[in-house]
Amino acid sequence: IPFSSWLPLAMAAPTPVSSLVHSSTLVTAGIYLMIRFNEIFMNLNISNYLLIISCLTMFMSGMNAIFEFDLKKIIAFSTLSQMSFMFMILCLGKVEMCFFYLLMHALFKSMMFLSAGVLIFNMNNNQDIRKMGGLINFLPFCSLIFIFTLMSLCGFPFFCSFYSKDLIFEYFLMMNLNLVFFFFFLFSFFLTFFYSIRIFYYLSIKNFSMNNYLKIIKFESKILILSMLMISLIMVFFGSFFMWLMFYKFDLILLEFKFKILSILILFFSIWFFFELNNFLFSMKYFFSMFYIFFFSLMWNLLFVKVNFFLNNFLFFAFFAFSGVEIGWTEHNLNSGVFYLFKTVMNFNQKIFLNSYKVYTLVFFLWFLIIFVYNF
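376 is the number that the UniProt record's numbering gives the last residue of the sequence shown; the numbers go up by one with no jumps.
What follows is the structure in structure tokens.
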């Protein structure tokens, strides 16, 4: 907030490009720069302000992912949520934890975009999750890999993000934080579980619509399966490897039993709440009015406030400059007097210096004389 409104607009790129951008390059470059220069903003005492902004951004992106039906936008909002999660732990001074989770996030997020691209391609470029029910029956391997990435996003045990996310979560619970910030953090954690379960329900559990049967392609090549299998094995086994490689000395974390099982309780509560809400009302439009639905799905109207507002102002300024300056008094004055003066001077110089070796020699000696007099 407010510099994240461009993220859902960047979903027009192909999924392999999004896989690279959202996992390792463009989106994570800001986190990497903040990790390298963390001592600067720690000394400037702005970490508390960044902590509040990152917590609000994580909450906003989680709410947007719940109300969104575009698969790529949901994954983009999950990226924004996880980047805010990294900023939160970075503002608390745990640079190694932040960098460790950055690496683990790159693993499962690249795999998530690749598997989502395969699902979208097989659905004839359809990105609406409401039209993707029962894909596990038609595309079992790709759907299973996508479910693995969702489990890794939630921090299930023995996946790559479990070793970083569980450590960060317990570190948050051990700290002496504000109660409002603490509940914001827990609710944002709940939203991560909630939209992951929502994607899993719409893609696997929900009944497949017969209207989409003619659109599905059922394409799973051997090269695609082999590459996704290799990345999925890395996603499962490299979490513990990187943890023992980076953290040779651990901080002592002492928590009560109720806090140790809090993440598991949030997971089961989100599963129960989603299916109860789905069976009871089938849609959130009965809970919320359409105003709140549009408010949460449009990033708290940041698209109108930032993109449209600044874009309209810059376009108006460009139109004023073009109409008032470029085709206005500038063109009139240049055509009438200034342009004619420049043309006369250039023609005069051209006639003087046209194939005249004497003039060139004279000018050279004049400049040499000026330099000599100036130095002495």
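We treat Cβ as the ideally placed atom computed from N, Cα and C, and that holds for glycine.
N-terminal and C-terminal residue of the alpha helix (DSSP H) that residue i is part of
i: R36; result: 26-36
i: M230; result: 222-246
i: R131; result: With the sequence shown as reference, residue 131 is identified as Lys, and Arg is not the correct amino acid for it. Unbroken run through K131: none, as it is neither H nor E.
i: Y195; result: 179-200
i: P140; result: 140-154
i: K260; result: 257-260
Neighbourhood of residue i by C-beta distance below 8 Å, restricted to the same chain and skipping five residues each side
i: residue 379; result: No statement about residue 379 is possible, as the shown extent of the chain runs from 1 to 376 and does not include it.
i: T361; result: none
i: L173; result: L255, F259, L262
i: L20; result: S110
i: F273; result: F194
i: F200; result: I147, L150
i: F156; result: F162
Cβ-based neighbour list, residue i, same chain, cut-off 6 Å, excluding 5 preceding and 5 following
i: F169; result: S263
i: Y248; result: none
i: S54; result: S84, F87, M88
i: K165; result: G155
Residues that residue i bridges to, as DSSP identifies them
i: D166; result: Paired residue(s): none; D166 is not in a bridge.
Beta-carbon contacts of residue i that lie in its chain and below 7 Å, excluding the five residues immediately before and after
i: H252; result: Correcting the residue identity first, residue 252 is Leu in this sequence and not His. Hits under 7 Å: none found.
i: L214; result: Per-residue confidence for L214 stands at a pLDDT of 48, beneath the threshold of 50, marking its modelled position as unreliable; the derived number appears in the next sentence. Same-chain partners within the cutoff: there are none.
i: S4; result: T57, L80
i: V27; result: V21, T79, M83
DSSP state of residue i mapped onto helix, strand, coil
i: P16; result: helix
i: L7; result: coil
i: L281; result: Per-residue confidence for L281 stands at a pLDDT of 49, beneath the threshold of 50, marking its modelled position as unreliable; the derived number appears in the next sentence. Coil.
>> So within the region 89-129, which uninterrupted beta strand (DSSP E) runs reach at least 3 residues, ignoring any that extend past its ends?
In response: DSSP runs (the beta strand (DSSP E)) wholly in the region 89-129: none.
>> Quick check on the DSSP output: what are the complete alpha helix (DSSP H) runs of length 4 or more inside the region 36-67, in order along the chain?
In response: 38-43, 47-67
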